[in-house]
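A.B. asks: Handing you this structure, nothing more for now.
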Amino acid sequence: MLRFAHYVSRITHHVLLVCGLLIFSATPLYAQGPHRAGLVVQFSDGTVVTRCVTFAEDEISGEDVLRRSGLTVIFDYTSGLGTRVCKIEADGCDVPAEDCWCQCQGSPCLYWNYFYIADGVWRYSGLGCGSRTVRDGDVEGWVWGDGRTPPPLISLDDICGTSTAANTPIPTVPAPPSPTPLEASTTAPPSPTASEPGASPALSPTALAPGATFTPRTVSTSGQPSPTPPDSRTPFNDEATTTAPSANLGGYAAFAVIVLVLSGLGLYLRKRMS
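Using the working numbering, read the sequence shown as starting at 1 and increasing by one per residue.
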């Protein structure tokens with residue numbers, strides 16, 4: 001019995017060591033700072049606003065960036081073409097009273113154009129926002145128009161600053177004097193007779209010129225895990241805050257129970273043998 005008690009004591013020691021290593025290895029997860037992505041939105045009246053979106057995940061979607069921006073956005077999921085952006089703030093189409101592409105039934109074809117910055121220039125996105133992957137340092141852009149004019153090129157540092165700002169409530173973008181319907185699709189605008197976007201726009205990359213002047217913008221931060229997509233015909237307005245990933249406490253609790261049981265057993269056997 002004495003040898004058995006000694007054996008139990010050694011096992012308890014090793015279990016404690018393993019638990020300590022697990023807790024130590026999990027600690028750095030909480031020390032990592034949030035990732036950041038920039039958002040530039042240009043409305044029908046020329047107003048430009050920006051958002052600095054923070055997130056804990058390695059990557060999120062372009063749809064997540066919009067959801068976490070604090071802007072009021074109407075999405076549509078019924079077309080079979082993925083996620084469509086029907087309206088941002090006052091610009092766009094009021095689903096279900098109107099079709100998501102209510103202003104792209106002929107010529108001119110106006111909708112929400114989706115861009116992203118690559119190699120220092122704006123690129124028109126051939127993917128819908130629900131399919132595009134956004135990582136730390138990326139900048140997304142949306143413009144109400146015909147798909148040929150990108151938003152002003154603004155760097156992530158100009159949007160988010162050189163350091164991560166504290167999370168603050170995101171103001172609502174002022175509505176244009178006369179709301180104009182909009183739409184965004186997973187592809188580029190169509191020919192005048194088409195009912196859905198399908199032809200790629202002839203867009204030349206726009207480089208950032210030193211000293212360029214942009215429309216004043218509002219910068220704020222957000223960054224909470226993406227909620228479950230809302231009803232496809234319901235406006236979405238989310239003011240998010242940065243949250244740290246939840247710890248898996250269940251495993252630690254199980255180890256703690258094992259340690260207590262083995263420790264108690266070891267003490268009991270030692271007393272019996274003394």
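The beta carbon of each residue, even a glycine, is placed where N, CA and C say it ideally should be.
Quick one: grab the DSSP three-state call for R275.
C.D. replies: The requested residue 275 is not part of the displayed model; the chain covers only 1 to 274.
A.B. asks: Verify whether the separation of the beta carbon atoms of T133 and E63 is less than 8 Å.
C.D. replies: On the sequence shown, residue 133 is found 133 positions in, with the first residue counted as 1. On the sequence shown, residue 63 is found 63 positions in, with the first residue counted as 1. No.
A.B. asks: Kindly indicate the opening and closing residues of the alpha helix (DSSP H) around D64.
C.D. replies: What you label residue 64 is simply residue 64 of the sequence shown in a count that begins at 1. Where D64 is concerned, the enclosing alpha helix (DSSP H) stretches over 62 to 67.
A.B. asks: Could you tell me whether the Cβ atoms of R84 and S69 are closer together than 8 Å?
C.D. replies: As a working note, residue 84 is residue 84 in the sequence shown. As a working note, residue 69 is residue 69 in the sequence shown. No.
A.B. asks: At which residues does the beta strand (DSSP E) containing L127 begin and terminate?
C.D. replies: Looking up residue 127 in the sequence shown gives position 127. Looking at the DSSP string, L127 is not in any beta strand (DSSP E), and its letter there is neither H nor E.
A.B. asks: Would you give the residue range spanned by the alpha helix (DSSP H) that L156 belongs to?
C.D. replies: Along the sequence shown, one-based indexing puts residue 156 at 156. Taken as a continuous stretch (DSSP letters only), the alpha helix (DSSP H) holding L156 covers 156 to 160.
A.B. asks: Using DSSP bridges, identify the partner residues of D76.
C.D. replies: Translated into positions along the sequence shown, residue 76 becomes position 76. D76 pairs with R84.
A.B. asks: Could you spell out where the beta strand (DSSP E) holding A118 opens and where it closes?
C.D. replies: Here residue 118 refers to the residue found at position 118 when the sequence shown is read from its first residue. Unbroken beta strand (DSSP E) run through A118: 111 to 118.
A.B. asks: Along the beta strand (DSSP E) that carries T47, what are the first and last residues, could you check?
C.D. replies: Position 47 of the sequence shown holds residue 47. Unbroken run through T47: none, as it is neither H nor E.
A.B. asks: Does T149 come out as helix, strand or coil in the three-state DSSP assignment?
C.D. replies: Here residue 149 corresponds to residue number 149 of the sequence shown, with the count starting at 1. T149: coil per DSSP, three-state reduction.
A.B. asks: Can you name the start and end residues of the beta strand (DSSP E) that Q42 belongs to?
C.D. replies: As a working mapping, residue 42 is identified with position 42 in the sequence shown. Membership of Q42 in the beta strand (DSSP E) is indicated by the continuous run 35 to 42.
A.B. asks: Using DSSP with H/G/I as helix, E/B as strand and the rest coil, what is W142?
C.D. replies: Taking the first residue of the sequence shown as 1, we reach residue 142 at position 142. W142: strand per DSSP, three-state reduction.
A.B. asks: What is the DSSP secondary structure of G70, counted as helix, strand or coil?
C.D. replies: Position 70 of the sequence shown, counting from 1, holds the residue named residue 70. Coil.
A.B. asks: Decide yes or no for the touch test of the region 74 to 82 against the region 103 to 122: beta carbon pairs closer than 8 Å, at least 3 of them.
C.D. replies: no
A.B. asks: Quick check: D136 and H35, are their CB atoms within less than 8 Å of each other?
C.D. replies: Here the question's residue 136 lines up with position 136 in the sequence shown. Here the question's residue 35 lines up with position 35 in the sequence shown. In this structure, H35 lies closer than 8 Å to D136 by Cβ.
A.B. asks: Checking 8 Å against the spacing of the C-beta atoms, do W111 and E140 come in under that value?
C.D. replies: In the sequence shown, residue 111 corresponds to position 111, counting from 1. In the sequence shown, residue 140 corresponds to position 140, counting from 1. Trp is not the amino acid found at residue 111; the sequence shown has Tyr there. Not a contact, by the Cβ cut-off of 8 Å.
A.B. asks: Please classify I170: does DSSP put it in a helix, a strand, or coil?
C.D. replies: Residue mapping note: residue 170 aligns to position 170 of the sequence shown, counting from 1. With a pLDDT of 37 at I170, under the threshold of 50, the predicted position of this residue should be treated as unreliable, though the coordinate-derived value follows. In the three-state reduction of the DSSP assignment, I170 falls in the coil class, being assigned neither a helical nor a strand state.
A.B. asks: Would a C-beta distance cut-off of 8 Å place V40 and P108 closer than the cut-off?
C.D. replies: Residue 40 sits at position 40 when you count from the first residue of the sequence shown. Residue 108 sits at position 108 when you count from the first residue of the sequence shown. No, the Cβ-Cβ distance between V40 and P108 is not below 8 Å.
A.B. asks: What is the rounded straight-line gap between the Cα of G80 and the Cα of E57?
C.D. replies: On the sequence shown, position 80 is the one that residue 80 refers to. On the sequence shown, position 57 is the one that residue 57 refers to. Going by the C-alpha atoms only, they are around 27 Å apart.
A.B. asks: Should S44 be labelled buried (16 or more other beta-carbon atoms within 10 Å of its own) or exposed?
C.D. replies: As a working note, residue 44 is residue 44 in the sequence shown. Flag for S44 reads buried.
A.B. asks: To the nearest angstrom, how far is it from the Cα of C86 to the Cα of D94?
C.D. replies: In the sequence shown, counting from the first residue as 1, residue 86 sits at position 86. In the sequence shown, counting from the first residue as 1, residue 94 sits at position 94. So the alpha carbons of these two residues sit roughly 7 Å apart.
A.B. asks: Can you name, in chain order, every residue of its own chain whose Cβ lies under 6 Å from the Cβ of A37, other than the five neighbours on each side?
C.D. replies: On the sequence shown, residue 37 is found 37 positions in, with the first residue counted as 1. Result list for A37: V53, V65, V134, D138, in chain order.
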